[in-house]
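Numbering (the working numbering), first residue to last: 494 to 811. Heads up, the beta-carbon is just placed ideally off N, CA and C, and yes, glycines get one too. Note sheet for the following structure.
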Ligand SMILES: [Zn+2]
């Protein structure tokens, strides 16, 4: 299977730039360039900034041409790089959901929360320093607002489910939607003759299955021909993939309920069942990778997804 290059052009001024987060082709930023005006969609981490600036030049734009940095949500693999990036973009505004805006100005709580999930040392390796963003550079989204980029008009829609601070960017010119984590995760390494392999991201602490289903429907109401995921970049045929997403959300909820009363074992049991389920699906999808590689690519998401389901179970009970 030929590997996607680290910078890929998809037409309509859209370029995917690998952020280098964890390993190649796991976390993408996208540059949209329209009529001499540029925007980033998601930023990876502080460590990603040199690659983002190089990708911007590769896309044919200068830092001065960047009007917007769209952050689909403030999880740090999407927004961690924004503070460092905007130091290099003299005219760019950072566009963020109102629930996330305060955390970008004062990132201490966000950093603390992420350290609680990953540990101090791993945090430094993955994310580095997170500078705050001056409040005057931040634009807060409203559901359904439009933003002009050159002659293009992008619509921002609030899409809770993965996170309450999540929005997606509808781009009529490319007939696509930039979905952050709302349309799940689809690593190009699992592509097969059957097409992309996709699964939901049920990360702590806001995951909510009902909202996640509704947000998928909202995205599909625009009838996109493709969706751009942060993990990882463009997938076509969303009307087919959305069926996988709805079915898998239901399956995750079943796994959560099955393990709900397992006490101290709950998280471990959920991880085991989710891992077994995903491995079975990957194999049915025709993936011929060795087991260690499959496990490597599923490990982090299984861990985060199980934790997110566990938090959801506790919230539901409270
Ligand atoms: Zn996320």
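### Buried or exposed by the 16-neighbour rule on C-beta atoms within 10 Å, applied to residue 798
As a first step, residue 798 must be located in the chain shown, where it is residue number 305. Answer is buried; the Cβ neighbour count reaches 16.
### Message
On a Cα-Cα basis, can you pick out the residue from 774, 518, 725 and 586 that is closest to residue 741?
### Response
Within the chain shown, numbered from 1, the residue matching residue 741 stands at position 248. Of the listed residues, the one whose Cα sits closest to residue 741 is 774.
### Task
Just grab the DSSP bridge partners of residue 526 for me.
Here residue 526 is taken as the residue at index 33 of the chain shown, counted from 1. BP columns for residue 526 point to 531.
#### Entry: Unbroken stretches of the alpha helix (DSSP H), 4 residues or longer, contained in the region 567–604
569–572, 575–579 and 591–598
### Task
Look at the alpha carbon of residue 503 and the alpha carbon of residue 580, and state the distance between them as a whole number of angstroms.
As a position in the chain shown, residue 503 is number 10, starting the count at 1. As a position in the chain shown, residue 580 is number 87, starting the count at 1. Approximately 27 Å between the Cα atoms of the pair.
### Task
Check each candidate in 523, 516, 519 and 517 and name the one with the smallest Cα separation from residue 510.
One-based indexing of the chain shown puts residue 510 at position 17. Closest option to residue 510, Cα to Cα, is 523.
### Task
May I ask whether a heavy atom of ligand 1 can be found less than 8 Å away from the beta carbon of residue 674?
Along the chain shown, one-based indexing puts residue 674 at 181. Yes.
### Limits of the beta strand (DSSP E) - the one that residue 548 falls within
One-based indexing of the chain shown puts residue 548 at position 55. Element bounds for residue 548: not the beta strand (DSSP E) but the alpha helix (DSSP H), 542–551.
### Task
Taking residue 502 as part of the beta strand (DSSP E), name the residues at either end of that continuous run.
Taking the chain shown and counting its residues from 1, one reaches residue 502 at position 9. Segment 500–502, the beta strand (DSSP E) holding residue 502.
### Query
Buried or exposed: residue 614, going by 16 or more other Cβ atoms within 10 Å of its Cβ?
Here residue 614 refers to the residue found at position 121 when the chain shown is read from its first residue. Flag for residue 614 reads exposed.
### Residue span of the alpha helix (DSSP H) that contains residue 708, given as start and end
As a first step, residue 708 must be located in the chain shown, where it is residue number 215. Run containing residue 708: 702–713, per the alpha helix (DSSP H) assignment.
### Message
If you follow the beta strand (DSSP E) that residue 680 is in, where does it begin and where does it stop?
### Response
For this step, residue 680 is matched to residue 187 along the chain shown. Neither: residue 680 is in no beta strand (DSSP E) and is coded neither H nor E.
### Query
Is the closest heavy atom of ligand 1 to the C-beta of residue 596 under 8 Å?
Counting from 1 along the chain shown, the entry for residue 596 is found at position 103. No, the beta carbon of residue 596 sits no closer than 8 Å to any heavy atom of ligand 1.
### Task
Please report how far the alpha carbon of residue 625 lies from the alpha carbon of residue 531, in whole angstroms.
Reading the chain shown from its first residue, position 132 is the one you call residue 625. Reading the chain shown from its first residue, position 38 is the one you call residue 531. Each residue's alpha carbon lies about 23 Å from the other.
### Message
Need the endpoints of the beta strand (DSSP E) that residue 816 sits in, please.
### Response
The shown model of the chain, from 494 to 811, leaves out residue 816, and the question about it has no answer.
### Cut-off 6 Å between Cβ atoms - residues of its own chain near residue 643, not counting five sequence neighbours on either side
Taking the first residue of the chain shown as position 1, residue 643 is located at position 150. Cβ within range, chain order: 527, 528 and 530.
### Query
Any chance the CB of residue 512 is under 8 Å from a heavy atom of ligand 1?
Translated into the one-based positions of the chain shown, residue 512 becomes position 19. No, the beta carbon of residue 512 sits no closer than 8 Å to any heavy atom of ligand 1.
### Query
Does ligand 1 have a heavy atom nearer than 8 Å to the CB of residue 701?
As a first step, residue 701 must be located in the chain shown, where it is residue number 208. Flag unset: Cβ of residue 701 not near ligand 1.
### Task
Using only alpha-carbon positions, find the residue among 754, 546, 777 and 746 that is nearest to residue 802.
Residue 802 sits at position 309 when you count from the first residue of the chain shown. It is 746.
### Message
Considering only heavy atoms of ligand 1, does any lie closer than 8 Å to the CB of residue 568?
### Response
Numbered from 1 along the chain shown, position 75 holds the residue referred to as residue 568. It does: the Cβ of residue 568 is within 8 Å (strictly closer) of some heavy atom of ligand 1.
### Query
Residues in its own chain within less than 6 Å of residue 554 by CB, not counting five upstream and five downstream?
Along the chain shown, read from residue 1 onward, the residue named residue 554 stands at position 61. Contacts found: 526 and 531.
### Message
What does the alpha-carbon distance come out to for the pair residue 805 and residue 704?
### Response
In the chain shown, residue 805 corresponds to position 312, counting from 1. In the chain shown, residue 704 corresponds to position 211, counting from 1. Near 12 Å, if we compare the C-alpha coordinates of residue 704 and residue 805.
### Query
Shortest alpha-carbon distance to residue 556 belongs to which of 565, 568 and 586?
For the purposes of this step, residue 556 is taken as the residue at position 63 of the chain shown. Comparing Cα positions, the closest option is 586.
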